[in-house]
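Visitor:
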Amino acid sequence: MTKHWHEIRDPIHIFVRLDTDERKVLDSRPFQRLRHISQLALTYLIYPGATHKRFEHSLGVMELAGRVFDTITSDQNVTDELRDLVPEIARPDERNYWRRVLRMAALCHDIGHLPFSHAAEDELLPDGWSHERLSRILIENELMTKIWKEMRPPLDPEHIVKVALGARKTKDLSFTKWERILSEIIVGDAFGVDRIDYLLRDSHHSGVAYGKFDHYRLVDELRILPSNEGSTEPALGIAEGGIYSAEALALARYFMFSQVYYHPIRLIYDRHLKDFLVEWLAEGSLFPGGTFPINVEGHLQITDNEVNVALSSAARNPSAKGHEAAIRIIERKHFRVLYERNPTDLALHSSPGEVIAIAAKSKFGETSIRYSKPKIKDIAADFPVRTRDGRVVPAIAISEVLTSLKPMAIDYVFIAPDRLKDATEWLLKERQKILETASKLEKEDKK
Amino acid sequence: MNRAQRLAILTLLDKEMLANKSWCGETHLQKAIFVLQELLGVKVGYDFILYKHGPFSFEVRDDLSIMRAEGLLDLVVRHLEYGPSYLPTEFADKFIQRFPRTVSTHKAQVKFAAKSVGNKNVNELERIATALFIRKNSKLKTIEKRVKELVKLKPHISESDARTATREVDLLTKQSRQLVFQN
């Protein structure tokens, strides 16, 4: 007898269940490639267990997306007000169609990732390109559209693109309210299942327990609610009973960013990897143009495996392109932290790390200094909460935890290990002078 | 305009909005920044799309987070049933003072934007900002065609409210040209 449901064991969700159409996506070349794309790049050099891949993360995102969909569309959670606001939710055929779109979008949301995921993305693709744009190309490519067309009813690839990537990454497309909610389920700032899965999974594999939280309760309490500010715009919110698990999610995010994602040594390894890739790709023998390929075949051929072979080879050969950066990774001779920003320095200049990095480069040479300022992360996004007495209020109005979690800003200057001692002494003497001079220049406010 | 100068303009706008009795929620700031950029030509460099309550910029949202992280704005709940407000911190004034040229160049436009939309509620802001979006991005010239487009894009807006908003945008456009001419 033909099996229509398939189960895959998973350390986070115990079982991930998928139907035969979803299995076809799983078996496709773009999805199988994710078996060879690390979720956390070179983080395993600090946390040895963190060797998991985008493949299992994408399965986890699909599993969670289905659960969230079933919760927010269950009869007990769909009010008349909601039916008026989002009519699709009340039509069973449409609801089933969009559930399939959502799960397929969840499966495909990461298929455009470059080797080593985020770490290698900036500067390694032509202008205007990103992994999301590559994901879109793959979802709309015949490798995948064949699957969408054979489904009953067939799925519109544009729907999958919108839900998988959200409006931020598909600015040329317009979204209905319903499509906005579905994309929020995957990429939303507050309760995106991409975020929920990666926190749980990264925490599990890195051994950093802070990332765990009660996601079962969280998912059970999710609701579609009118967003705040007196409008009827619907948003993904939560029933008041879930506020503690929402707080736990925000705290998990805070700890995972401070302990893992923005760990200074992870950041400098990312930078060494980028330095290597820039030189390796610039050689042009593998891919013309000095960047990763943006055509489908080229993209599918390049994974962490190819980069690892090149890294290892470059580390052994002093005349190879990227030898210096490869040695720093393979022999773990990474740069060390010279400076980390602090509130006192921020009061003097709007970008103290950048100013210190410029001065340090002029003193110790361009090649001995690296500056890292990762994107500021909003740890606790606001969301609507349905209180027990039926009102809808902003989460930060009822949660002191969410109110106190400010966005996280990080700013590091790194230096080559052999210059660390001299540079530390130099910075002790010069820091105040450097910042005061820069502050004076900033106050002159030249265009 | 560099990043720090842009944040100085946004901080100033937030202060002026507050002075004009704005709620200073995210939607209020999003729409005021849209007016500042699209109507008054201040090159803050944001990409707006039609999204939540009309024109919306994810980059503005990012900058509001940056401004909280850098101690320029606090997110404050002023009323339980409304969204939180972005209020300037004590450090905000000191920060703005670092950029005297940027402030003097754009102060009149910032004041105009804050005065024009500062005290409007979310629904009014959605109507006006979407009407402005249509005026800037479509080739529809007559008021009636733009009214129809506004109702098409936002079916919950009545034709009468759409007409009022479209006329208000035309008036603001005329006033903003005079302001640019005076400067």
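In order, the protein sequence lines correspond to chains G and C.
Following the working numbering, the numbering of the first sequence begins with 16 at its first residue and continues without gaps.
Following the working numbering, the numbering of the second sequence begins with 16 at its first residue and continues without gaps.
Just so you know, even glycine gets a beta-carbon here, dropped at the ideal spot from N, CA and C.
Here the structure is a predicted model, which means the values were calculated and not measured.
Over what stretch of residues does the beta strand (DSSP E) that includes P103(C) continue unbroken?
Guide: S100 to P103
Visitor: According to the Cβ coordinates, are S131(C) and V50(C) closer than 8 Å?
Guide: In contact: S131(C) and V50(C) (Cβ atoms closer than 8 Å).
Visitor: Any contact of the region 174-193 of chain C with the region 143-155 of chain C, i.e. 3+ C-beta pairs under 8 Å?
Guide: Short answer: they touch.
Visitor: Thinking just about the alpha-carbon of each residue, which of R232(G), E147(G) and M271(G) is nearest to the one in G226(G)?
Guide: M271(G)
Visitor: Using a beta-carbon distance cut-off of less than 7 Å, what residues from the region 89-101 of chain C approach chain G?
Guide: L90, V92, L95, E96, Y97, G98 and P99
Visitor: Quick check: is the beta carbon of V370(G) nearer than 8 Å to any beta carbon in chain C?
Guide: V370(G) is outside the set of residues whose beta carbon lies under 8 Å from a beta carbon in chain C.
Visitor: Would a check of beta-carbon distances place Y61(C) closer than 8 Å to chain G?
Guide: no
Visitor: I want to see whether chain C comes within less than 8 Å of S365(G), judged by CB atoms only; does it?
Guide: It does: the Cβ of S365(G) has a partner Cβ on chain C nearer than 8 Å.
Visitor: Cβ of K39(G) within 8 Å of Cβ of S53(G)?
Guide: In this structure, S53(G) does not lie closer than 8 Å to K39(G) by Cβ.
Visitor: Could you give the distance in angstroms between the alpha-carbon of F131(G) and the alpha-carbon of I211(G)?
Guide: 20 Å
Visitor: Which of the residues in the region 393-412 of chain G, read from start to end, lie with their CB under 7 Å from any CB of chain C?
Guide: Look at the region 393-412 of chain G: the residues with a C-beta under 7 Å from a C-beta of chain C are D393, D397, R406, V408, P409, I411 and A412.
Visitor: Report the residues of the region 98-114 of chain G with a CB closer than 7 Å to any CB of chain C, ordered along the chain.
Guide: none
Visitor: Please state the DSSP three-state secondary structure of W295(G).
Guide: Correct three-state label for W295(G): helix.
Visitor: At what residues does the beta strand (DSSP E) containing E22(G) begin and finish?
Guide: W20 to D25
Visitor: Quick check on the burial criterion: 16 or more other C-beta atoms within 10 angstroms. Buried or exposed for Y213(G)?
Guide: buried
Visitor: Could you tell me the alpha carbon to alpha carbon distance between K376(G) and A325(G), rounded to whole angstroms?
Guide: 29 Å
Visitor: For chain C, find out if any of its Cβ atoms is closer than 8 Å to the Cβ of K421(G); answer yes or no.
Guide: yes
Visitor: Under 7 Å Cβ-Cβ, which residues of chain G neighbour R83(C)?
Guide: Ordered by position in chain G, the residues that pass the 7 Å Cβ test against R83(C) are K421 and P422.
Visitor: Could you check which residue in P172(G), R238(G) and A224(G) has the C-alpha nearest to that of Q91(G)?
Guide: R238(G)
Visitor: Taking any Cβ of chain G, which residues in the region 102-119 of chain C have a Cβ under 9 Å from it, in chain order?
Guide: F106, K109, F110, Q112, R113, F114, P115, R116, T117 and V118
Visitor: Would you list the one or two residues that DSSP bridges to R351(G)?
Guide: Here R351(G) is bridged, per DSSP, to I430(G).
Visitor: Nearest CA to the CA of I200(G): which residue from S189(G), V223(G), F228(G) and L233(G)?
Guide: L233(G)
Visitor: If you check the beta carbons only, do V370(G) and I430(G) fall under 8 Å apart?
Guide: No, Cβ-Cβ distance for V370(G) and I430(G) is not below 8 Å.
Visitor: Counting C-beta neighbours from all protein chains within 10 Å, is the total for G299(G) 16 or more, i.e. buried, or is it exposed?
Guide: exposed
Visitor: Per DSSP, what are the beta-bridge partners of S387(G) in this structure?
Guide: Y427(G)
Visitor: Let me see if you follow: with CB-CB separation under 8 Å, is L65(C) close to chain G or not?
Guide: yes
Visitor: For T391(G), which residues in chain C fall below 7 Å Cβ to Cβ?
Guide: Rather than Thr, the amino acid found at residue 391(G) in this sequence is Ile. Going along chain C in sequence order, the residues near I391(G) (Cβ under 7 Å) are S80, I81 and A84.
Visitor: Using a threshold of 8 Å, state whether the C-beta atoms of A438(G) and F379(G) are closer than that.
Guide: yes
Visitor: Does chain C have any CB closer than 8 Å to the CB of A224(G)?
Guide: No, A224(G) does not count as interfacial toward chain C.
Visitor: My output table needs one value for D437(G): the three-state DSSP class, helix, strand or coil.
Guide: helix
Visitor: In chain C, which residues lie with their C-beta within 7 Å of the C-beta of A182(G)?
Guide: I64 and Y66
Visitor: Considering D89(C), what are the terminal residues of the alpha helix (DSSP H) in which it resides?
Guide: Looking at the DSSP string, D89(C) is not in any alpha helix (DSSP H); the run it does join, the beta strand (DSSP E), is L88 to V91.
Visitor: Return the chain-ordered list of same chain residues with a C-beta closer than 7 Å to the C-beta of L97(G), the five sequence neighbours on each side being excluded.
Guide: Spatial neighbours of L97(G) in its own chain (CB-CB distance under 7 Å, excluding positions within 5 residues in sequence) are listed in chain order as I104 and I239.
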